[in-house]
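*Asks:* Residue numbers (the numbering used here), protein chains in the order written: chain A, 0 to 447; chain B, 12 to 498.
For glycine and all other residues, C-beta sits at the position ideal for the given N, C-alpha and C.
Provided herewith is a single structure, encoded as structure tokens, for subsequent inquiry.
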């Protein structure tokens with residue numbers, strides 16, 4: 000069980016509803032691991048696990064049977080990089096806990112989570128069951144900049160949310176489940192996050208030449224620190240560039256146990272990232288990689304996975320001049336593991352599945368597109384028990400009224416660990432309050 | 012000397028210099044007017060706002076076209092019809108005829124097989140910052156907000172517009188044929204908008220939509236009070252915002268009256284001095300005369316209601332509320348006042364005034380009878396406004412509204428055309444209108460469908476399969492990928 004990873008978390012978590020046995024019949028089944036779609040079949044959920052999947056599977060005795068009526072079943076979507084649960088309202092600083100003004104690598108986003116966030120039900124209702132929460136440098140990091148809310152340097156955000164200089168490293172990521180009534184945290188410290196390119200250069204004082212030197216120096220310091228913790232405590236090492244907390248966070252990275260998530264855009268910076276990983280013997284994951292198609296073979300040869308936004312089509316920055324809509328298809332064709340994301344921000348998580356549909360329109364095979372929002376992000380993040388509809392995996396399952404990559408589809412039912420999740424959200428309550436004319440003569444506030 | 016005192020002295024010096032110039036000009040004997048009752052000379056060119064209302068005239072000219080008939084496709088006319096196996100004929104840059112399979116096709120027409128494809132009017136994005144916040148996003152080209160005064164009704168977005176913005180090409184590949192480019196939302200009055208035809212051009216004038224009315228961007232809510240409150244100036248509150256609008260309209264009404272008085276006297280041959288032209292008040296007086304359309308950024312239902320009252324107080328109309336996250340709470344009011352609203356399908360919760368945004372926003376207000384528009388306010392979303400409309404439609408259908416594609420297509424075609432004052436020319440497939448047409452590879456409300464060919468005034472301006480019709484901006488030449496966003 001996911002919760003069992005953390006005894007303390009298990010103590011404070013509300014006890015989950017019992018997982019019933021459920022058979023979803025008459026469904027089109029997307030396995031999620033790249034294998035072909037089953038045009039019609041049954042998925043059985045039992046004891047929180049996927050008990051059976053297939054065309055010839057029948058519902059066990061006593062199971063609750065859900066007739067999909069030709070709808071589609073997929074694994075729960077896995078969102079590969081987001082601020083969900085660590086940020087509530089982008090423009091309200093007091094509700095944002097997704098970056099640090101003081102710590103660098105040591106910033107631990109798992110302390111920021113708010114399981115009561117209204118955004119959790121909203122995200123879950125769009126089919127997302129698992130997410131990786133990643134910090135950013137200084138509050139940016141890939142969200143749409145509309146109406147000046149993102150603090151994107153546009154004039155109309157003057158007096159906005161910047162709060163001190165960004166740091167070399169953004170901090171440590173964590174994985175969460177979106178299960179209702181549970182402690183969300185699956186695992187903390189799953190990666191250290193780092194922005195390269197223009198953002199990294201700014202953090203380092205103005206140039207890439209400073210950024211990579213400082214990063215390498217920090218890694219070297221972390222190694223020295225790991226070898227000499229006692230000496231460090233006695234003040235007997237040379238001066239180290241980062242605080243003890245930040246160095247501690249880097250130890251598993253330099254030991255190759257924890258990956259470094261690198262946000263990187265330009266082809267030359269991607270090459271630098273690959274070189275850094277090779278020379279420092281690091282495990283890395285890339286996010287962004289708009290110019291990844293230019294170095295696709297090198298990425299594939301290095302076995303480095305990529306998290307990307309398949310909508311990126313504009314030379315939005317000088318480091319992304321080569322953005323193009325078939326980036327996902329080209330990388331996948333070259334053999335790179337790709338995970339597709341939407342905007343990083345909670346309210347656009349739904350965009351991930353639509354972006355997968357867009358990638359299909361630009362040449363990505365359909366099964367690969369489904370995998371890019373389910374099993375691939377799960378695999379990239381070491382979430383081995385979710386992400387595909389295979390026997391024995393956790394029963395994170397979504398039933399859709401149609402093609403999940405389509406604008407006109409929505410989830411009919413969402414299961415996490417075999418437990419059907421509530422569909423209510425604050426947004427739906429607002430909707431239902433105003434959706435129909437009110438003939439009572441009383442204001443809508445009386446309607447429910 | 013304190014900085015404030017220094018500034019005051021500098022201002023005095025400037026005033027003295029100006030008055031010295033004026034004195035020199037009027038005391039020269041040769042220039043002294045005769046002491047008679049002859050009317051004053053009319054103002055010099057540029058000093059009378061009505062002398063050249065179109066001071067930066069459009070030079071847009073349709074590209075070469077030929078008579079073209081598309082047959083066999085499903086046609087969404089944006090007048091409420093979905094025609095299976097339809098025919099659309101374009102000739103002389105205009106829609107010639109739209110009909111069913113038996114529609115006559117002119118003998119000289121190039122016939123395009125549209126089997127399996129869909130046809131819609133060209134997409135219209137009524138809230139765009141392309142050209143004024145272009146790609147790449149660097150401070151040197153950040154020209155969308157003159158965030159230096161709460162009232163900058165004097166600036167015109169067209170003077171910031173960089174025609175080489177690659178975003179125009181991407182939007183065209185998404186079927187966008189017309190856009191309203193707005194200045195940003197930092198100010199109570201942000202300046203004038205400009206409507207553009209989405210064609211590659213070296214100059215802004217080459218894109219400018221001929222004869223389209225101007226809009227003025229007004230902004231409610233958080234942005235103006237944040238920007239100016241942050242500078243220790245008014246407005247710093249919502250009530251400060253409203254006071255700012257009202258003061259401006261009082262000034263505008265006074266200015267309009269002065270010009271009216273001047274013109275009345277001039278026409279009667281009486282002596283009269285022309286008022287001093289004021290660019291801010293020109294724009295606002297244009298609104299009071301009904302010539303300039305109010306495009307009002309406003310998220311909350313309660314704020315929209317206040318803005319409607321301000322409009323009634325001063326006798327102007329609001330044409331459209333933009334963003335309008337809470338249109339669903341005010342659908343009946345918007346319908347009654349005949350005010351359009353433009354929104355996204357699901358951008359919500361990114362600031363307090365958008366906290367109550369919901370996916371069904373557009374659909375609920377639409378069902379209440381309001382003129383519904385889906386806009387982008389974004390260089391990426393503008394490439395897929397068809398899908399944004401699809402999301403908004405689906406959110407309504409999820410609660411049983413049964414909104415059809417034939418209805419929802421008007422949210423990104425006919426209705427934005429109405430809200431921009433150009434519905435007589437574009438936005439629907441009606442004979443005589445500009446032949447702004449998109450052929451889609453499939454149902455435009457699907458994520459898998461792409462615009463295959465885009466016509467503007469009957470001319471092919473984009474063809475996904477023909478590199479000759481895949482224009483690149485000057486900026487894109489020689490860059491990695493060279494602007495290759497096609498398949």
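#1: What does residue 380 of chain A touch in chain B if you count any residue whose Cβ is under 8 Å from its own?
#2: Is there contact between the region 118 to 138 of chain A and the region 85 to 100 of chain A, where contact requires at least three CB pairs shorter than 8 Å?
#3: So what does residue 168 of chain A bridge to, in DSSP terms?
#4: Taking the beta carbon of residue 180 of chain B as the centre, do at least 16 other beta carbons fall within 10 Å, making it buried, or is it exposed?
#5: Against residue 555 of chain B, what residues of chain A qualify as contacts under a CB-to-CB distance less than 9 Å, listed in chain order?
#6: In the region 320 to 404 of chain B, which residue ranges form an unbroken alpha helix (DSSP H) of at least 4 residues, counting only runs that do not cross its ends?
#7: Could you work out which residue in A:242, A:47, A:35, A:183 is closest to residue 101 of chain A when comparing CA atoms only?
#8: Buried or exposed, going by whether 16 or more other CB atoms sit within 10 Å of the CB of residue 386 of chain B?
#9: Measuring alpha carbon to alpha carbon, tell me which residue in A:389, A:392, A:403, A:110 is nearest residue 402 of chain B.
#10: Name the chain E residues whose beta carbon is nearer than 7 Å to that of residue 413 of chain B?
#11: Could you tell me which residues DSSP puts in a beta bridge with residue 307 of chain B?
#12: Given a limit of 7 Å on CB to CB distance, which residues of the region 278 to 289 of chain B reach chain A?
#13: Does DSSP put residue 170 of chain B in a helix, in a strand, or in coil?
#14: Please state the DSSP three-state secondary structure of residue 429 of chain B.
#15: For residue 397 of chain B, count the other beta carbons within 10 Å of its own beta carbon; 16 or more makes it buried, fewer makes it exposed. Which is it?
#16: Looking at the secondary structure, which residues open and close the alpha helix (DSSP H) in which residue 224 of chain A lies?
#17: Between the Cα of residue 172 of chain B and the Cα atoms of B:186, B:159, B:192, which residue gives the shortest distance?
#18: Report the three-state DSSP secondary structure of residue 198 of chain A (helix, strand or coil).
#19: Does the count of Cβ pairs from the region 440 to 454 of chain B and the region 142 to 156 of chain B closer than 8 Å reach three?
#20: Just checking: is the beta-carbon of residue 405 of chain A within a distance shorter than 7 Å of some beta-carbon in chain B?
#21: I'd like the ranges of any beta strand (DSSP E) spanning at least 3 consecutive residues and lying wholly in the region 449 to 495 of chain B.
#22: State the CB to CB distance for the pair residue 394 of chain B and residue 182 of chain B, rounded to an integer number of angstroms; the pair is presumed to be in contact (CB under 8 Å).
#23: Taking residue 259 of chain B as the reference, which of B:327, B:214, B:121, B:242 has the closest Cα?
#24: Say whether chain B places a C-beta atom closer than 7 Å to the C-beta of residue 315 of chain A.
#25: What are the start and end residues of the beta strand (DSSP E) that includes residue 136 of chain B?
#26: Where do the N-terminal and C-terminal ends of the alpha helix (DSSP H) with residue 101 of chain B fall, by residue?
#27: So which residues on chain A does residue 177 of chain B lean against when the C-beta distance must stay under 8 Å?
#28: Among B:293, B:87, B:411, which one has its Cα closest to the Cα of residue 375 of chain B?
#29: What residues in its chain sit with their C-beta under 8 Å from that of residue 460 of chain B, if we drop five residues either side in the sequence?
#30: Please list, in chain order, the residues of the region 317 to 341 of chain A that have any C-beta partner in chain B closer than 7 Å.
#31: Can you grab the Cα-Cα spacing for the pair residue 115 of chain A / residue 415 of chain A, in whole Å?
#32: Tell me, which residues are paired with residue 124 of chain B by DSSP?
#33: CB-CB under 8 Å to residue 441 of chain A, same chain, minus the five flanking residues each way: which ones, in chain order?
#34: Can you grab the Cα-Cα spacing for the pair residue 338 of chain A / residue 268 of chain A, in whole Å?
#35: If we count the other Cβ atoms within 10 Å of its Cβ and call it buried at 16 or more, is residue 214 of chain B buried or exposed?
#36: I'd like to know whether the C-beta of residue 356 of chain A is nearer than 7 Å to at least one C-beta of chain B.
*Replies:* Let's see:
#1: Chain B residues near residue 380 of chain A: none, gap ~25 Å exceeds 8 Å.
#2: Touching, yes.
#3: Its beta-bridge partners are A:193.
#4: Burial of residue 180 of chain B is indicated by the presence of at least 16 other C-beta atoms within 10 angstroms of its C-beta.
#5: No information on residue 555 of chain B is available, as it lies outside the stretch 12 to 498 that chain B covers here.
#6: The region 320 to 404 of chain B contains these whole alpha helix (DSSP H) runs: 342 to 348, 372 to 378.
#7: Ranking A:242, A:47, A:35, A:183 by CA distance to the CA of residue 101 of chain A puts A:242 first.
#8: With 16 or more other Cβ atoms within 10 Å, it is buried.
#9: With distances taken between Cα atoms, residue 402 of chain B lies closest to A:403.
#10: Considering every chain present, this structure includes no chain E. Its protein chains are A and B.
#11: Under the DSSP definition of a beta bridge, residue 307 of chain B partners with B:229, B:332.
#12: Result list empty, no residue passes.
#13: Correct three-state label for residue 170 of chain B: helix.
#14: Note: residue 429 of chain B maps to helix in three-state DSSP.
#15: Burial call: buried.
#16: Its alpha helix (DSSP H) spans residues 207 to 226.
#17: Closest by alpha carbon: B:192.
#18: In this structure, residue 198 of chain A counts as helix in the three-state DSSP scheme.
#19: Taking a cut-off of 8 Å on C-beta distances, the region 440 to 454 of chain B does not touch the region 142 to 156 of chain B, as fewer than three cross pairs fall below it.
#20: True, the Cβ-Cβ gap to chain B drops below 7 Å.
#21: Complete beta strand (DSSP E) runs here, min 3: 462 to 467, 470 to 474.
#22: Their Cβ separation, rounded to whole angstroms, is 6 Å, which keeps residue 394 of chain B and residue 182 of chain B in contact under 8 Å.
#23: It is B:327 whose Cα lies nearest to the Cα of residue 259 of chain B.
#24: Yes - at least one Cβ of chain B is within 7 Å of the one on residue 315 of chain A.
#25: 134 to 139 is the extent of the beta strand (DSSP E) around residue 136 of chain B.
#26: First-last for residue 101 of chain B: 93 to 102, but that is the beta strand (DSSP E), not the alpha helix (DSSP H).
#27: Those are 313, 314, listed as they occur along chain A.
#28: Nearest of B:293, B:87, B:411 to residue 375 of chain B, Cα basis: B:411.
#29: 129, 397, 451, 452, 453, 454.
#30: Answer set for the region 317 to 341 of chain A: 317, 320, 321, 323, 324, 325.
#31: One Cα belongs to residue 115 of chain A, the other to residue 415 of chain A, and the distance between them is close to 17 Å.
#32: According to DSSP, residue 124 of chain B bridges with B:82.
#33: In its own chain, leaving out the 5 sequence neighbours on each side, no residue places its CB closer than 8 Å to the CB of residue 441 of chain A.
#34: In this structure, the CA atom of residue 338 of chain A is about 20 Å from the CA atom of residue 268 of chain A.
#35: By the beta-carbon neighbour count (other beta carbons within 10 angstroms, threshold 16), residue 214 of chain B is exposed.
#36: Yes - at least one Cβ of chain B is within 7 Å of the one on residue 356 of chain A.
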